[in-house]
Amino acid sequence: MITRRLLEAPDARGWIFLATLAFAAVVVPALNLLVPPSSPFHVPTSMVALWGKYLCYALLALSLDLVWGYCGILSLGHGAFFALGGYAMGMYMMRQIGTRGVYAHPYLPDFMVFLNWKELPFYWYGFDWFPYAALMILLVPGALAFVFGWFAFRSRVTGVYLSIITQALTYALMLGFFRNNFGFGGNNGLTDFKDILGFNVQSAHTRASLFALSAIALALGYLVAQAVVRSKAGKVLIAVRDEESRTRFLGYRVENYKTCVFTLSACMAAVAGALYVPQVGIINPSEFAPANSIEYVIWVAVGGRGTLIGAAIGAVLVNYAKTTFTTGLLAPYWLFVLGALFVLVTIFLPKGIFGLLSNRLPRLRGNGAPAPRSAAQPAE
Amino acid sequence: MRDRFARFVALLLTLGLLLAGALAANAQGNTQAYESALAKFAGDSFNDTDEGIAGVAASGNPLAERVITALQDGRLLFNPDDKKIYIRLGEGALLEAAAGKPVAGAAPAGLKQVRINNRLRRSIEAALGGLTLLAPDPRKRLEAAQAVFKSRDANQLATLDTALAKESDPRVKRALAAARAAVILGIADAKEADKLEAVGILRDRADLDSRAVLSALPANQPASVQRAVADALTAIDDWLAVWNVAQNFWYGISLGSVLLLAAIGLAITFGVMGVINMAHGEMVMLGAYTTFVVQELIRAKAPWLFDYSLAIAIPLAFLVAALVGIAIERGVIQFLYGRPLETLLATWGISLILQQAVRTTFGPTNREVGAPHFMSGAFQLGGLTITWNRMWIIVFAGLILMALLAVLRFTTLGLQMRAVTQNRRMASSMAINTGKIDALTFALGSGIAGLAGVALSQIDNVSPNLGQGYIIDSFLVVVFGGVGNLWGTLVGALSLGVANKFLEPYAGAVLGKIALLVLVILFIQKRPRGLFALRGRAVDA
Chain A
-8 MITRRLLEAP
2 DARGWIFLAT
12 LAFAAVVVPA
22 LNLLVPPSSP
32 FHVPTSMVAL
42 WGKYLCYALL
52 ALSLDLVWGY
62 CGILSLGHGA
72 FFALGGYAMG
82 MYMMRQIGTR
92 GVYAHPYLPD
102 FMVFLNWKEL
112 PFYWYGFDWF
122 PYAALMILLV
132 PGALAFVFGW
142 FAFRSRVTGV
152 YLSIITQALT
162 YALMLGFFRN
172 NFGFGGNNGL
182 TDFKDILGFN
192 VQSAHTRASL
202 FALSAIALAL
212 GYLVAQAVVR
222 SKAGKVLIAV
232 RDEESRTRFL
242 GYRVENYKTC
252 VFTLSACMAA
262 VAGALYVPQV
272 GIINPSEFAP
282 ANSIEYVIWV
292 AVGGRGTLIG
302 AAIGAVLVNY
312 AKTTFTTGLL
322 APYWLFVLGA
332 LFVLVTIFLP
342 KGIFGLLSNR
352 LPRLRGNGAP
362 APRSAAQPAE
Chain B
304 MRDRFARFVA
314 LLLTLGLLLA
324 GALAANAQGN
334 TQAYESALAK
344 FAGDSFNDTD
354 EGIAGVAASG
364 NPLAERVITA
374 LQDGRLLFNP
384 DDKKIYIRLG
394 EGALLEAAAG
404 KPVAGAAPAG
414 LKQVRINNRL
424 RRSIEAALGG
434 LTLLAPDPRK
444 RLEAAQAVFK
454 SRDANQLATL
464 DTALAKESDP
474 RVKRALAAAR
484 AAVILGIADA
494 KEADKLEAVG
504 ILRDRADLDS
514 RAVLSALPAN
524 QPASVQRAVA
534 DALTAIDDWL
544 AVWNVAQNFW
554 YGISLGSVLL
564 LAAIGLAITF
574 GVMGVINMAH
584 GEMVMLGAYT
594 TFVVQELIRA
604 KAPWLFDYSL
614 AIAIPLAFLV
624 AALVGIAIER
634 GVIQFLYGRP
644 LETLLATWGI
654 SLILQQAVRT
664 TFGPTNREVG
674 APHFMSGAFQ
684 LGGLTITWNR
694 MWIIVFAGLI
704 LMALLAVLRF
714 TTLGLQMRAV
724 TQNRRMASSM
734 AINTGKIDAL
744 TFALGSGIAG
754 LAGVALSQID
764 NVSPNLGQGY
774 IIDSFLVVVF
784 GGVGNLWGTL
794 VGALSLGVAN
804 KFLEPYAGAV
814 LGKIALLVLV
824 ILFIQKRPRG
834 LFALRGRAVD
844 A
């Protein structure tokens, strides 16, 4: 039943997107592992890790698009959920280091030995065991989003007020995680990972598998998000986005819909974070920085708000541009480009690249979600 | 062992000094004490020299300081034959220490230097400290009294008594009395009545140093003294707690004024116009950099103007920030009215561009902005230490708030701004050019941010990231205070500042900040429109 729901959801464009992902998940690892490095078709391992990172960003953008594009909740704190998921995964991998740390302590991670701690803090218990860690990856950010959303939406904090307090949330978390006595490695965060599920994180095979997993996670995330926005509840979400008061007067419990979709989105962001950390090999408090969370929003805006696929494409495009810019002579100009993107996209491309393209292309099967209402009238 | 010995010597000396003090009644005795003390230097033994130092210092003879300074510099000589003491003045010239007359003719042969060791060097320093207790300059006397208070040197008691008897300046007199009290408490077998009096003096002084003296008192005191000390400690703690609250309050007001400066421009653009300007912090930064440029120009071209650099920077910072503000409003924001979330993103982009532009122009490192003369230093108000720069920033913030309120209330521009805020279409029908008013309002808000930058350049690092540090705080202030209400911004800034400073001692700076963020988040749940919310139809616009 659920499978049928999931598989009924995508339109033709969705299927193309899913097919691309499936193709990438199979072909890229194959080209990396099976083709010899001398061949022009060989994909270097660094490239696999880089694109794996992009796919995680794409899933993060997708989760943000679900709340912003379809429910009008502009979260400037999605980085918090992403980083929390990453930290949960990082904690699991820290425990896998075991005695191979610099200090070779029998059970404490390096940074705790360094800080002269004697005991493992209670919240680190259980992270040796992957299923528990996996549960925490979903549970902690999900619970935070639920509690936060429950309070915020019930008291009808909307619009920019909500944006500002989500920003304050991630800012507060950042300040907290920077502290050494919080027990998450302070400034340096968690790093020096060795194994994940018994496989060496550095090896090409693990990298390739993580890439494939990221692609699969993105595909699943897309299916779930698409199923949600296509469902009856999804129509209510769009109604909330376009006319919240009216939806409430029609008898819908707006806050419940918002809380649910916000929590779901936070869990998706957390999964993205959990897949991101083993591929980049570090998680530290700067992931909580409010500036990062705003940057995620621009990925969605560039790709196309309220299109899901567009958000994913936007994330990959912007990050690809970022990598290209920041590794060359043009590095000092990247912030100009990013800043200009923010300005130009919001003024000239309110529907993003994907929106622009879909206007040109004929609709394959005409049941796409309606684009956000653009109300370019002055405030009253 | 050495300690007990030292105390014994101290006791002897004290007794001797008391004797000397009694003798000092007439000038004859004074000279005698001086000469007999001076004679000790000829003994060529460290213990004799030590007694000599104390004796000379206590004699009150005008030559005493020269003798001891000479001893310190190794210029004090003695003749082993006739036991006379000389001070070497320079190229072979000698001064006979007892009479204070230069030696005529050739120097006596076989003069030896009075030797000193580390113990004596300490005695010398203490004695010199004691001598300045009698210095003609009251500021020097005050410093000396404070030094004695810290060293609690029993040798100084006689000098202290002399100084106290002569002192006329009430401040110096208080300091001397406190120093004397501290010294008496340090003497193991001082009289009980003296000790009780000393405890009383320290209790009235009631600062951290007095508390340290009292709590460091050895336990073997008479019962009455112990009781008095315990009482005094409680009294001092209560008093210090009161001042501590006052000091925290002051810090809170000071932080609040900084928040107010940063937020007040935002209160205009966000509160009055409903525009989320994420580049607001960068306007503050531009103001700070304008100050930097003005100061650099003054340093290079007209250094005598340096004390007026801030006065010159203020209008310029306003202009620069206001012009950039107009450019942003006309170039970007006017296309996005009614789409607050898009405005937020676009202005964030502008803030990135401005930051990077400043980073490319001025470099990524902190720039030094100097403080003019009147902004440096501090003064003491009761138990409060108040620095001048914080003081002026509070005044500046207050003035800006007043000026802004006046502009909104009494000028045509203010009237039109309020009209456009309340009902844009109606204002437009009344022949108000709403586009122009929007641009001017935005310029006003940005210009005020530039002014804030001038003030913040005095207390914060002037770097491209300056504005980033304030943007979240300023938004919280505006949201907390209530949108569209300048008084709300004032109350919001001050209460957040004070709350922050009161949370800090209990939770630490970072946890205090986190606690405050959480509190504000919870508060917004309770009152989503802030402390002073607009009522009526405007609410749901």
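Quick note, the sequences are listed as chains A and B, same order.
Numbering follows my numbering, with no gaps: position 110 of the first sequence is 101.
Numbering follows my numbering, with no gaps: position 32 of the second sequence is 335.
Yeah, the Cβ is synthetic: ideal placement off N, Cα and C, and Gly gets one too.
Just to make sure I have the definition right: I need the residues of chain B whose C-beta is within less than 7 Å of the C-beta of Tyr152 of chain A. Which are they? Val782, Ile827, Pro831
Going by DSSP in three states, Ala244 of chain B sits in which element: helix, strand or coil? The structure shown does not extend to residue 244 of chain B, since chain B spans only 304 to 844, so no value can be given for it.
DSSP state of Thr149 of chain A, grouped into three classes? coil
Cβ contact (3+ pairs, closer than 8 Å) linking the region 233 to 248 of chain A and the region 79 to 86 of chain A: no
For Thr254 of chain A, does the count of other Cβ atoms within 10 angstroms reach 16, so buried, or fall short, so exposed? buried
Reference Ala734 of chain B; option with closest CA among B:Gly791, B:Ala722, B:Lys476: B:Ala722
Three-state class that DSSP yields for Pro276 of chain A in the structure shown: helix
Does Leu166 of chain A get closer than 8 Å to chain B when you measure Cβ to Cβ? yes
According to the Cβ coordinates, are Ala660 of chain B and Ser749 of chain B closer than 8 Å? no
Exposure label - Asn669 of chain B; buried when at least 16 CB within 10 Å: exposed
Measure the alpha-carbon distance for Ala292 of chain A versus Pro323 of chain A and round it to whole angstroms. 23 Å
Give the straight-line distance between the Cα atoms of Val545 of chain B and Gly686 of chain B, rounded to the nearest whole angstrom. 9 Å
Would you give the residue range spanned by the beta strand (DSSP E) that Leu379 of chain B belongs to? 379 to 381
Please classify Asn523 of chain B as buried or exposed, where buried requires at least 16 neighbouring CB atoms within 10 angstroms. exposed
List the DSSP bridge partners of Glu399 of chain B. B:Tyr389, B:Lys404
Cβ closer than 9 Å: which chain A residues qualify as neighbours of Val823 of chain B? Ile156, Ala159
Identify the contact partners of Ile338 of chain A in chain B, using a Cβ-Cβ distance below 9 Å as the criterion. Val635, Phe638, Leu639, Glu645, Ala649
In this structure, does DSSP put Thr337 of chain A in helix, strand or coil? helix
Residues in the region 555 to 586 of chain B with C-beta within 9 Å of chain A's C-beta atoms, listed in sequence order? Phe573, Met576, Gly577, Val578, Ile579, Met581
Rounded separation between Thr462 of chain B and Thr688 of chain B - CA only: 31 Å
Step through the CB atoms of chain A and report whether any lies within less than 8 Å of the CB of Lys816 of chain B. yes
Listed in chain order, which residues of the region 320 to 331 of chain A have Cβ atoms closer than 7 Å to some Cβ of chain B? Pro323, Leu326, Phe327, Leu329, Gly330, Ala331
Would Pro281 of chain A pass as a contact of Tyr162 of chain A if the rule is Cβ separation under 8 Å? yes
Ala74 of chain A and Phe279 of chain A: beta carbons closer than 8 Å? yes
Cutoff 6 Å; reference Leu55 of chain A; Cβ partners in own chain excluding five residues on either side: His69, Tyr287, Val291
Quickly, what does DSSP pair Asn191 of chain A with across the bridge? List them, please. A:Asp186
How far does the beta strand (DSSP E) with Gln297 of chain B in it extend, from its first residue to its last? The structure shown does not extend to residue 297 of chain B, since chain B spans only 304 to 844, so no value can be given for it.
On a Cα-Cα basis, can you pick out the residue from A:Leu266, A:Phe168, A:Val39 that is closest to Gly76 of chain A? A:Leu266
Entirely within the region 687 to 744 of chain B and at least 3 residues each: give me those beta strand (DSSP E) ranges in chain order. 687 to 690
By the criterion of Cβ-Cβ separation under 9 Å, what are the contact partners of Gly785 of chain B in chain A? Per Cβ cutoff of 9 Å: no residues; Gly785 of chain B is ~11 Å from chain A at best.
Give the C-beta separation of Phe72 of chain A and Ala136 of chain A to the nearest angstrom, bearing in mind that I take them to be a contact with Cβ-Cβ under 8 Å. 6 Å
Quick one: what does DSSP say Ala681 of chain B is sitting in, helix, strand or coil? strand
Do the region 106 to 115 of chain A and the region 221 to 236 of chain A make contact, defined as three or more Cβ pairs closer than 8 Å? no
Tell me whether the region 747 to 762 of chain B and the region 564 to 583 of chain B touch, counting them as touching only if at least three CB pairs, one residue from each stretch, are closer than 8 Å. yes
Is the CB of Val813 of chain B under 8 Å away from at least one CB in chain A? yes
Are Phe327 of chain A and Ile615 of chain B close, meaning C-beta to C-beta below 8 Å? no
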